[in-house]
Amino acid sequence: MTAQPARPTADRPSPAGALAHPLARRWLLASCVPVLLVLGMALTVPPAPSAATAGTPGTADTAGMPGMAGMSGEAPDLAAAGLAAERNGYRLDLAGPAPTAGRATDLRFTVAGPDGSPVTDFAVHQTKKLHFYAIRSDLTGFQHLHPDLAEDGTWTAALDALAPGTWRLYADFVPNTGPHATELVLSRTVTVPGEAAPVPLPAPGGTATVDGYTVTLTARPVAGAHRLTAVVSRDGRPVRDLQPYLDAYAHLSAFHEGDLALAHLHPSGTVDGDHGGPELTFQALFPEPGNWRVFLQFRTAGQLHTAALTLRVD
Numbered sequence: 002m003t004a005q006p007a008r009p010t011a012d013r014p015s016p017a018g019a020l021a022h023p024l025a026r027r028w029l030l031a032s033c034v035p036v037l038l039v040l041g042m043a044l045t046v047p048p049a050p051s052a053a054t055a056g057t058p059g060t061a062d063t064a065g066m067p068g069m070a071g072m073s074g075e076a077p078d079l080a081a082a083g084l085a086a087e088r089n090g091y092r093l094d095l096a097g098p099a100p101t102a103g104r105a106t107d108l109r110f111t112v113a114g115p116d117g118s119p120v121t122d123f124a125v126h127q128t129k130k131l132h133f134y135a136i137r138s139d140l141t142g143f144q145h146l147h148p149d150l151a152e153d154g155t156w157t158a159a160l161d162a163l164a165p166g167t168w169r170l171y172a173d174f175v176p177n178t179g180p181h182a183t184e185l186v187l188s189r190t191v192t193v194p195g196e197a198a199p200v201p202l203p204a205p206g207g208t209a210t211v212d213g214y215t216v217t218l219t220a221r222p223v224a225g226a227h228r229l230t231a232v233v234s235r236d237g238r239p240v241r242d243l244q245p246y247l248d249a250y251a252h253l254s255a256f257h258e259g260d261l262a263l264a265h266l267h268p269s270g271t272v273d274g275d276h277g278g279p280e281l282t283f284q285a286l287f288p289e290p291g292n293w294r295v296f297l298q299f300r301t302a303g304q305l306h307t308a309a310l311t312l313r314v315d
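In this note's numbering, the protein residues as written are 2 to 315.
(1) Out of 282, 258, 285, state which residue places its alpha-carbon closest to the alpha-carbon of residue 140.
(2) For residue 109, tell me which candidate among 93, 117, 162 has the shortest Cα-Cα distance.
(3) Along the chain, where does the beta strand (DSSP E) containing residue 291 start, and where does it finish?
(4) Less than 8 Å between the beta carbons of residue 177 and residue 124, yes or no?
(5) For residue 175, tell me which candidate among 288, 212, 89, 309 has the shortest Cα-Cα distance.
(6) Going along the chain, which residues of its own chain have a beta-carbon closer than 6 Å to the beta-carbon of residue 216, five neighbours each way excluded?
(7) Per DSSP, what are the beta-bridge partners of residue 254 in this structure?
(8) By Cβ distance, which residues of its chain are closer than 6 Å to residue 336, with the 5 residues on each side in sequence left out?
(9) Taking buried to mean at least 16 other C-beta atoms within 10 Å of its own C-beta, is residue 282 buried or exposed?
(10) Under a three-way DSSP split, which group does residue 202 fall into?
(11) For a cutoff of 8 Å on Cβ pairs, would you count residue 304 as touching chain D?
(12) Can you give the Cα-Cα distance for residue 97 and residue 196, rounded to whole angstroms?
(13) Please confirm if the stretch 292 to 306 is in contact with the stretch 240 to 247, defined as three or more CB-CB distances below 8 Å between the two stretches.
(14) Near residue 194, what residues of its chain come up, given a Cβ to Cβ distance below 7 Å and the 5 sequence neighbours on each side ignored?
(15) Consult DSSP for residue 195 and reduce its assignment to one of helix, strand or coil.
(16) Identify, in the order they occur along the chain, each residue of the same chain with its Cβ nearer than 8 Å to the Cβ of residue 154, setting aside the five sequence neighbours on each side.
(17) Taking only the alpha-carbon atoms, compute the straight-line gap between residue 184 and residue 285 and give it to the nearest angstrom.
(18) With distance defined between alpha-carbon atoms, name the residue in 290, 163, 306 nearest to residue 252.
(19) Please tell me whether residue 223 and residue 314 are closer than 8 Å, where the distance is taken between their beta carbons.
(20) Pick out whichever of 170, 240, 294 has its Cα sitting closest to the Cα of residue 279.
(21) Beta-carbon within less than 7 Å of residue 126's beta-carbon, same chain only, minus the 5 sequence neighbours each way: which residues are those?
(22) Should residue 105 be labelled buried (16 or more other beta-carbon atoms within 10 Å of its own) or exposed?
(23) With H, G and I counted as helix, E and B as strand and the rest as coil, what does DSSP make of residue 141?
(24) On the DSSP bridge assignment, give the partners of residue 188 in chain order.
(25) Out of curiosity, what's the CA-to-CA distance linking residue 115 and residue 87?
(26) Taking the beta strand (DSSP E) that residue 207 belongs to, which residues open and close that run?
(27) Out of 294, 213, 291, which one is the CA nearest neighbour of residue 236?
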């Protein structure tokens, strides 16, 4: 949480420095008001990012990042939040086969570039050329995959069996167009036939348990850019043997209740061997307030764990 600036305290004037005439006192008070207003404004303006943190490895660079709209009170940009099939001239096209309830699917898709042809050259982003997500409309069934790319630009995502209902499928990638290429998130919805049984969203809370590990969030976030910290423990003891996963000690994705906007949170810090933890810090970019279903993934002893919890963003 951001510390509030301390209120300035005025030095008490000495009797020798006091004005004797009431009119002079009123003139001095009126002349000080504009100065006090300016000082108050300066105290409430948040400091600019330092050169030591802006744009450095392991720190989120908010320029061009998905989910940055809505931080000044305007309506969130649905395309920036991953809720559009097209953005910046790029388009996500699903090629099939359509997912079937209860059966794994090798889903094929392409990313068409500004010239309309399938893109075949992608930059490596968090050790992968493309991250693929699947989530049902009730925020259940989360899958995070890394598809295979064929020479013709066709991706194949090995989806586990999907339950009946409406699903949103996301492709998160960076076109290999130069050092300033923008990360893009495109998505489409698919309907898996069958009788859907919606699952109520769990109540917001700061703790989740998975495979004997407990993940605790230590800050209550607000919409916009800020830091989010998680602590991993087991049997009440801090965990310090996290292994690298996607060039970090944890990966965190969040989906907004209702519109399924995606917030992809980027970890801070550097990876140094198999002894990460217990504290994990993320550069959080929540584009809008409300309930978010958060999925934190981390690895220990070669096993990937996924902790899920509901987070209320103000």
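Where a beta carbon is used, it is the ideal one built from N, C-alpha and C, also for glycine.
On the basis of the supplied data:
(1) 258
(2) 93
(3) 291 to 301
(4) yes
(5) 89
(6) 209, 231, 233, 297, 308
(7) 265, 296
(8) Only positions 2 to 315 of the chain appear in the structure, and residue 336 is not among them; the question remains open.
(9) buried
(10) coil
(11) This model lacks chain D altogether; it includes just one protein chain.
(12) 21 Å
(13) yes
(14) 102, 165
(15) coil
(16) 111, 112, 118, 119, 120, 121
(17) 16 Å
(18) 306
(19) yes
(20) 240
(21) 174, 175, 184
(22) exposed
(23) coil
(24) 171
(25) 10 Å
(26) Segment: none, residue 207 is in no beta strand (DSSP E) and carries neither H nor E.
(27) 213
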